[in-house]
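Chains as they are written, first to last, in my numbering: chain L, 153 to 257; chain U, -7 to 400.
In structure tokens form, the structure reads like this:
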């Protein structure tokens, strides 16, 4: 079991995960501008906090999996996944509910 | 000419509801009798608590003498075993205790219990029964002193301790000739009881009045319910509570007053007020769903009429099936399929975890999905309220008929 999922603890996997997370974080700025969300410092702070939480959730879950702890993987994924989704939906409503600036053409 | 059976008459609104209610009540009575008849317990093996005994001789229905047979065919007593029970959360917990001739507890063994399996598992995992081994037969066996209760299974821990105490004292008095002091548990009236009474009061007033701050008070009541009844005390109303009532299993009133307030309150206020205050005003799981709904902007899902009817009947079927199973096995633990324990005390089976995740995520977009489509409490309360209403109507009819006859 341990060997089966050992890839998730390799530097290569985390290198690709790092690229993915930074890439999406950069893309978020463009996405918000595209959606016409009026962002300010605290909205960015909340977005960054949620982003770190999601990163932590993925990191924790896949570390469990890499070390052969499949039960821990599922529990971690379910627990943090649900928290991330709930906070994500709340944040989305907060961001989308504010005053909108015209989207860049 | 139109035949009589060709005329389609529209069935009254609650035609099927009445028939389903009668079917449910009759089935419950029949299942109760069948469950009672088929659940004859086999006598427990006293070697579980007297391992060195070759065999056990019954002294009476609940006491045994463990003996070993010597080479010269004489017998030596190695101890006594006694069986006793105490009310747990969902029903009686039966415990067998083994005592050696020196008056020390040799072993304890739960021969049967009706507790929710996830909670009873905690007792086994924490090796709670081993805490009694080595204690003197006339110990008070008090939780918090010699014995440490298992967190989130306190009522079951208390029940086991009480059963062990009574069984041990029986042996102390009858076999060892010792005098024992009867211990009466003090009446426990604290924060959970006050919280429940307060919440019922708020719910009752809130239902009736149409005051300015009703919305705010309801939210406050919901949050208090979620924190107190959910996360802190973990005592939401479950279908197992109703099965316990039907089976006549009541926990010790001195130590579980909140149970009587919770169940008595929901039945009393509902029948007096004709409305169910618990679900809408302080159900902890309902409150959790409403909080998520507030985050996600949930709306009431309104499918077509036929889908809604089908979902309603599925919900009723689940509640009915759960109660029937609990009655048939004479174990309220079998009735429990709710996911409250998963959220509030992090215990449950993996299918329950999957359902919890789905329900929590749905709650963000649909108003109270569990309450509206799966919760067994709602159909049970509907049945109670409808039965109460119909009985009242019938009595009124009889009364009017009687008056009519009198006047004519």
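Even for Gly, the Cβ is constructed at its ideal location relative to N, Cα and C.
If you measure beta-carbon to beta-carbon, which residues of the segment 221 to 255 of chain L are closer than 7 Å to chain U? The segment 221 to 255 of chain L vs chain U, Cβ under 7 Å: 230, 234, 237, 238, 241, 242, 245.
Write down the C-beta distance between residue 370 of chain U and residue 271 of chain U rounded to the nearest angstrom, noting that I regard them as a contact closer than 8 Å. As a first step, residue 370 of chain U is located in the second chain; it is residue number 378 there, counting from the start. As a first step, residue 271 of chain U is located in the second chain; it is residue number 279 there, counting from the start. With a Cβ gap of about 6 Å, residue 370 of chain U and residue 271 of chain U count as contacting.
Would residue 188 of chain L be called buried (16 or more neighbouring beta carbons within 10 Å of its own) or exposed? Locating residue 188 of chain L in the first chain gives position 36, counting from the first residue. Exposed is the label assigned to residue 188 of chain L, since fewer than 16 other Cβ atoms lie within 10 Å of its Cβ.
Consider the Cβ of residue 405 of chain U: report whether some Cβ of chain L lies at a distance smaller than 9 Å. Residue 405 of chain U falls outside the range modelled here, since chain U spans only -7 to 400, and no answer is possible.
Chain L residues whose Cβ lies nearer than 7 Å to that of residue 349 of chain U: In the second chain, counting from the first residue as 1, residue 349 of chain U sits at position 357. In chain order: 230, 234.
Report, in whole angstroms, the separation of the C-beta atoms of residue 46 of chain U and residue 75 of chain U, which I expect to be a contact under 8 Å. Position 54 of the second chain, counted from the first residue, corresponds to residue 46 of chain U. Position 83 of the second chain, counted from the first residue, corresponds to residue 75 of chain U. Contact doesn't hold; Cβ gap of about 20 Å is too wide.
For the segment 331 to 365 of chain U, enumerate the residues whose C-beta is nearer than 7 Å to any C-beta of chain L, in chain order. Listed by position along the chain: 345, 349, 352, 353, 356.
Taking the beta carbon of residue 8 of chain U as the centre, do at least 16 other beta carbons fall within 10 Å, making it buried, or is it exposed? In the second chain, counting from the first residue as 1, residue 8 of chain U sits at position 16. So residue 8 of chain U ends up on the exposed side.
Where does residue 275 of chain U sit, in a helix, a strand or coil, going by DSSP? Reading the second chain from its first residue, position 283 is the one you call residue 275 of chain U. DSSP, read as helix, strand or coil, puts residue 275 of chain U in coil.
Does DSSP put residue 371 of chain U in a helix, in a strand, or in coil? As a working note, residue 371 of chain U is residue 379 in the second chain. Looking at residue 371 of chain U - three-state DSSP - the assignment turns out to be helix.
Using a Cβ distance threshold of 8 Å, determine whether the segment 187 to 195 of chain U contacts the segment 211 to 220 of chain U, with at least three qualifying pairs required. They touch, by the three-pair rule.
For a contact meaning CB atoms closer than 8 Å, what does residue 289 of chain U contact in chain L? Along the second chain, read from residue 1 onward, the residue named residue 289 of chain U stands at position 297. Neighbourhood of residue 289 of chain U in chain L, by CB distance below 8 Å: 245, in chain order.
Going by other Cβ atoms of all chains shown within 10 Å of its Cβ, with 16 needed for buried, is residue 372 of chain U buried or exposed? Here residue 372 of chain U corresponds to residue number 380 of the second chain, with the count starting at 1. By the Cβ neighbour-count rule, residue 372 of chain U is buried, with 16 or more other Cβ atoms within 10 Å of its own.
Would you mind giving the Cβ-Cβ distance between residue 163 of chain U and residue 72 of chain U, rounded to the nearest angstrom? I have them listed as a contact below 8 Å. Translated into positions along the second chain, residue 163 of chain U becomes position 171. Translated into positions along the second chain, residue 72 of chain U becomes position 80. Right, their Cβ atoms sit about 5 Å apart.
Would you mind stating whether residue 124 of chain U and residue 223 of chain U have Cβ atoms separated by less than 9 Å? Reading the second chain from its first residue, position 132 is the one you call residue 124 of chain U. Reading the second chain from its first residue, position 231 is the one you call residue 223 of chain U. Judged by beta-carbon spacing, residue 223 of chain U lies beyond the 9 Å limit of residue 124 of chain U, meaning their Cβ atoms are not closer than that value.
Pull up the distance between the alpha-carbon of residue 389 of chain U and that of residue 106 of chain U, whole angstroms please. The residue labelled residue 389 of chain U in the question sits at position 397 within the second chain. The residue labelled residue 106 of chain U in the question sits at position 114 within the second chain. Whole-angstrom Cα-Cα distance: 42 Å.
Is the Cβ of residue 284 of chain U closer than 9 Å to any Cβ of chain L? Along the second chain, read from residue 1 onward, the residue named residue 284 of chain U stands at position 292. The C-beta of residue 284 of chain U comes closer than 9 Å to at least one C-beta of chain L.
Just to confirm, is the Cβ distance from residue 195 of chain U to residue 274 of chain U under 9 Å? Start at 1 with the first residue of the second chain, and residue 195 of chain U comes out as number 203. Start at 1 with the first residue of the second chain, and residue 274 of chain U comes out as number 282. Result yes, Cβ atoms of residue 195 of chain U and residue 274 of chain U sit closer than 9 Å.
In this structure, does DSSP put residue 356 of chain U in helix, strand or coil? Here residue 356 of chain U refers to the residue found at position 364 of the second chain. In the three-state reduction of the DSSP assignment, residue 356 of chain U falls in the coil class, being assigned neither a helical nor a strand state.
Please report the distance separating the alpha-carbon of residue 326 of chain U from that of residue 316 of chain U. Residue mapping note: residue 326 of chain U aligns to position 334 of the second chain, counting from 1. Residue mapping note: residue 316 of chain U aligns to position 324 of the second chain, counting from 1. So the alpha carbons of these two residues sit roughly 9 Å apart.
Would you mind sorting residue 344 of chain U into buried or exposed? The rule is 16 or more other CB atoms within 10 Å of its CB. Stepping through the second chain from its first residue, residue 344 of chain U is reached at position 352. The residue in question, residue 344 of chain U, is buried, as its Cβ has 16 or more Cβ neighbours within 10 Å.
Please confirm whether residue 257 of chain L has its beta-carbon closer than 9 Å to some beta-carbon of chain U. Within the first chain, numbered from 1, the residue matching residue 257 of chain L stands at position 105. Because residue 257 of chain L carries a pLDDT of 48, less than 50, the predicted location of this residue cannot be relied on, and the following value inherits that uncertainty. No, residue 257 of chain L does not count as interfacial toward chain U.
Counting Cβ pairs closer than 8 Å, one from the segment 86 to 98 of chain U and one from the segment 108 to 116 of chain U, do we hit at least three? Contact between the segment 86 to 98 of chain U and the segment 108 to 116 of chain U is absent: fewer than three C-beta pairs spanning the two stretches fall below 8 Å.
Taking just the CA atoms, how far does residue 204 of chain L sit from residue 184 of chain L? As a working mapping, residue 184 of chain L is identified with position 32 in the first chain. As a working mapping, residue 204 of chain L is identified with position 52 in the first chain. Roughly 18 Å between the two C-alpha positions.
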